[in-house]
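Working notes, structure below.
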Amino acid sequence: MASYKLTQKADEDLVDIFNYGIDHFGVDSALAFYHELSSMFDRIANSPNQFQAVGEIRQFYRRAVFKTYSIYFIEKHDFVEISRVVRKDDVRLIFS
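For my numbering, add 1 to where a residue sits in the sequence shown, where the first one is 1.
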């Protein structure tokens, strides 16, 4: 299995997503969503090229979509770096 690493920003994004989920949907729903979202990271690491290249946003980056979130990542030498996890409409804010 390939590996992945989260940047500090991606880790902060996940904390924010989880806290939002707790506040709006409760702990159980937030946990379920968090686990589903996190499982995408393994899929990305195992087959990064199946996801859309988004060079127009940032060179060499790809995007995986999970429900209302976009996961931005880049392939490194021996792992995939998950850079950000944001709502689909927030991308211009994070990479500007």
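Just so it is clear, CB atoms sit at the ideal spot from N, CA and C, and this is done for glycine as well.
Local conformation of ILE18 per DSSP, three classes:
Helix.
What is the DSSP secondary structure of VAL28, reduced to helix, strand or coil?
Helix, per DSSP.
For THR69, which residues of its own chain have a beta-carbon under 8 Å away from its beta-carbon, when the five flanking residues on both sides are left out?
Once the five neighbours on either side are set aside, the close Cβ partners of THR69 are ARG88, LYS89.
Nearest candidate by alpha-carbon position, reference GLU37, set ILE18, PHE52, VAL55
Nearest C-alpha to GLU37: ILE18.
Separation of VAL16 from ASP29, as counted between CA atoms:
A straight line joining the alpha-carbon of ASP29 with that of VAL16 spans about 15 Å.
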